[in-house]
Structure formats: C-alpha cells, structure tokens
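Right, one structure below, let's go through it.
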C-alpha cells in the first residue's frame, strides 16, 4: 500500500511559472528553498499534459539528488492511485492544474504508465551517467573502444599505485635515481597519500603538462607565473633586503605590535627591531621571521592592522 504522504504545498506564483511545461525556465535558488519541489512539479505536470515518460530526461549533479527526485515523483504518483477524489483534486490544484474528472483519472493512471514505459520509467540520472550512456551509444564517434566501462575511484587508485611501483622498480633497475629522488621528495612534502593524489591529478592534466614544454624551461615558466625573478632567486631576495625595504614602514609595524599590548605583539616587535639591527647582507637569512610582525601563520593580517591607517 502506498505510504501516507503530506499534502502538496501550493506553489508560489514564481514556482508555478517555472514548473509550467510550456515555459523554458532557469531556476537559481539557495539550498532548502524548494528547487527540487519545482522540478518534481514540472515533471508531474509534463506527465499530466500527456508527455511520454521516456521523453523526459532529468539530470542532476549527484546520485543522491537523482535518487531523491525519483523517489519523490514515484511516491507521489503511487499515492495518487488510491487518493480520495477531493484530496486528489487539492493536489492537482496545488500543482497549478485544473481539477476535473478527466484530469484526476489521468493522474491515477500515471504511476502504471511510468512503470510500463520503455527503459524502466523516467530517466532521472546524474550528468556523468548520461554522458556515459552517450559514449556507450556512440563509441566510434567518441574515439573510444566499444564496450568500455568507467573506472571506479578505488580501482583508479589501485592501478596508480601499481603503475608507480612498476616505474620505481624499473628506474631502480636502470639507475634512475632522479625519479626515485623526486618521488621521495614529493612524499616528504605532501605525505604518502597526498603525493599519490597529486600524481593521479597530474595524469588527468597530461595536456597541461605537455604544454609546459622542455624540462629545462619549466623552471622559468613557474617562476614567471609566481612573479619570481629569473636566475638566482636567493640573490634577488638579498638585493631586495638591502635596497628595497622601507625601514620606516617596518618601524611603524614594530610600534603597532608593541602598542598591541600582547605577548605575541611584543615578540613580533622585538623580532622586527632585531632584524633592522642586522647588517643588510644578513637580513635575507631571517626574513621569514619578520613576516610574523603583520601576518598570522595563515597569511591573515593581525588585529592591530587598523592602527597603521
């Protein structure tokens, strides 16, 4: 027996407009504002208008969203089968449909009509699932092998581990210490799982890696994208510390830290004053510590920043 459902809420004027089958609508709304209600209402109104279930396609971003929408529609149509005439009429009016004996009779038959539709009923699926079905239907046009199947994330991770292990074994056999050293450095920096995730993401961006060009030019491109000078970076930093630092501005920051009146502020003020007292040729060595005078470890401005205006 169909489960007892709450009566449909009457659609607002905008929701009714968006759910009208003849209208092309783009719905933009926050979470919990009734988007799914509008979409399910539109599907049910399409069915009431005589559209074949197999001609309706609903796409979502998530499997959970697709399952929720399918459950709402199927549960409501099953509920209508045995609903009292007066109650069914109220449901139809809530959707914006006329409550007539013909419309009510059509509504009661929708559940069976959907179940008997070719392909097993309404097509409510994720956009990825829909794309997969298109590729399966036209593999030659897509340039892929017929009978393919999408790889699952766990399977992809397993294959990635096996491939990486095989690469490292082969590199060790031919004396490829550089590859082994690079993987070790990546693991130390990101952790084992982080390094694995980074390498998998890199395989998804093979075209982007190819566009980097010859290996000897990659460093220059990375420096350019990060706004770093070409050549000796440490030398450039040392030059900036010698000639490009405003000591007046740093002393204002030190004073603001001291006026902040906290242990953190006092320590930062002392660090800045000590840095300014160092010979300019030595400042690059302790530059990291100075940044703590105005930024937190997360890179956010400290609370006293307003005093510098």
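In this note's numbering, the protein residues as written are 593 to 901. Note that the Cβ used here is the ideal one computed from N, Cα and C, for glycine as well. Values in this document were obtained by computation on a predicted structure and should not be read as measured data.
Check, Outcome
"Residue(s) in a DSSP beta bridge with residue 810", "None, per the DSSP bridge assignment."
"Rounded distance between the beta-carbons of residue 643 and residue 630, thought under 8 Å", "Actually they are not in contact, since the Cβ atoms of residue 630 and residue 643 sit about 17 Å apart, beyond 8 Å."
"Delimiting residues of the alpha helix (DSSP H) encompassing residue 736", "That residue, residue 736, is in no alpha helix (DSSP H); it is neither H nor E in DSSP."
"Residue 600 versus 655, 754 and 688, residue with shortest Cα-Cα distance", "688"
"Length of the line joining the Cα atoms of residue 720 and residue 653", "8 Å"
"Per DSSP, cross-strand counterpart(s) of residue 700", "Its beta-bridge partners do not exist; DSSP assigns none."
"Per DSSP, cross-strand counterpart(s) of residue 649", "715"
"Secondary structure of residue 609, DSSP reduced to three states", "helix"
"Residue span of the alpha helix (DSSP H) that contains residue 596, given as start and end", "Per DSSP, residue 596 belongs to no alpha helix (DSSP H) and is neither H nor E."
"Beta-carbon spacing of residue 752, residue 792 below 7 Å", "yes"
"Cross-strand partners of residue 887 (DSSP beta bridge)", "893"
"Same chain only: Cβ atoms within 6 Å of residue 797, ignoring 5 sequence neighbours per side", "none"
"Closest residue to residue 862 among 872, 871 and 849 (Cα-Cα distance)", "849"
"Beta strand (DSSP E) segments (min. 3 residues) lying fully within the segment 629 to 695", "649 to 652"
"Closest Cα partner of residue 877 within the set 891, 833 and 726", "833"
"Close-in-space but distant-in-sequence residues of the same chain around residue 698 (CB under 7 Å, 5 per side omitted)", "640"
"Identity of the residue in 864, 831 and 889 nearest residue 840 by Cα", "864"
"Within 7 Å, strictly: CB atoms of residue 597 and residue 671", "yes"
"Separation of residue 789 from residue 745, as counted between CA atoms", "11 Å"
"Own chain partners of residue 710 with C-beta closer than 6 Å, once the 5 adjacent residues on each side are dropped", "646"
"Alpha-carbon spacing of residue 677 relative to residue 686, whole angstroms", "14 Å"
"Cα-Cα separation between residue 713 and residue 814, rounded to whole angstroms", "52 Å"
"Delimiting residues of the alpha helix (DSSP H) encompassing residue 615", "Where residue 615 is concerned, there is no enclosing alpha helix (DSSP H), given that its DSSP letter is neither H nor E."
"Whether residue 827 touches residue 860 by CB criterion (7 Å)", "no"
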